[in-house]
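Below: one structure, written as structure tokens.
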Amino acid sequence: PEGLRALISEYLNVERGHHLSLQPALVSSFGGNFSLERLAPLAATDSVMLKTRELARSDTLAYLACCSFSEVRALSSSARIPDHWTSPLRAVFDAFLSHAREDLDASHGSLFADALELTHDVLPPPVVERILTAVHEYKHYFDNMNFEILRVYSQPGAPLPRLKQRLEDFAVTPHEY
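Residues in the sequence shown are numbered consecutively from 5, following the working numbering.
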């Protein structure tokens, strides 16, 4: 239905460019010798992005249910940055929190409920099962992503930000003898 297209379009327009809100914190925290295009996501983060794209392509309601799941993460007033984090990490974390607050203010957690209201349909059990399975799998994708982020970035000397390799990174400079 047209209302569903408008809902998705509005959501995508609000989300488009949201990642740019992180750039000032990354640049000020880590020197600015990179662009967002050079950032390299971890494998589990790539998996979440691929799963999201596949759902968007193949199952609109499951896609919106999963987007609602990822957007509904309530920000706890007790959430705080660990004391041992450096100022650059704190600044990046603050930028992520700001982004999350924008999503909460935009009511993205209600995308699926809004979509159901627009369709006016009673969903048959196989469709409900497909949607619930997608959300369940998506939750595990997020668990894996969170685990990998903690595992990788808690290591001493972990590179922040993590950048894609460039050909010149592999070039060998001849030594002068």
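Ideal placement from N, C-alpha and C gives every residue a C-beta, glycine not left out.
Looking at the unbroken alpha helix (DSSP H) that takes in residue i, where does it start and where does it end?
i: residue 59; result: 47-62
i: residue 92; result: 91-109
i: residue 16; result: 6-19
Where does residue i fall in DSSP's three states?
i: residue 127; result: coil
i: residue 181; result: With a pLDDT of only 47 at residue 181, under 50, the local geometry of the prediction cannot be trusted, and the value read off the model is given with reservation. Coil at residue 181, not helix or strand.
Quick check on this structure: which residue in the options has the alpha carbon closest to the alpha carbon of residue i?
i: residue 97; options: 30, 122 and 151; result: 30
i: residue 112; options: 72, 147 and 25; result: 72
i: residue 103; options: 24, 10 and 17; result: 24
i: residue 105; options: 74, 64 and 146; result: 74
i: residue 9; options: 53, 20 and 64; result: 64
i: residue 139; options: 167, 59, 20 and 161; result: 59
i: residue 17; options: 110, 91 and 141; result: 110
i: residue 144; options: 70, 101 and 11; result: 70
Please tell me whether residue i and residue j are closer than 8 Å, where the distance is taken between their beta carbons.
i: residue 121; j: residue 46; result: no
i: residue 68; j: residue 116; result: yes
i: residue 148; j: residue 48; result: yes
i: residue 1; j: residue 154; result: Residue 1 lies beyond the stretch modelled for the chain, which goes from 5 to 181, so this question has no answer here.
Is it buried or exposed for residue i, if we count other Cβ within 10 angstroms and need 16 for buried?
i: residue 53; result: exposed
i: residue 107; result: buried
i: residue 44; result: exposed
i: residue 119; result: buried
i: residue 33; result: buried
i: residue 142; result: buried
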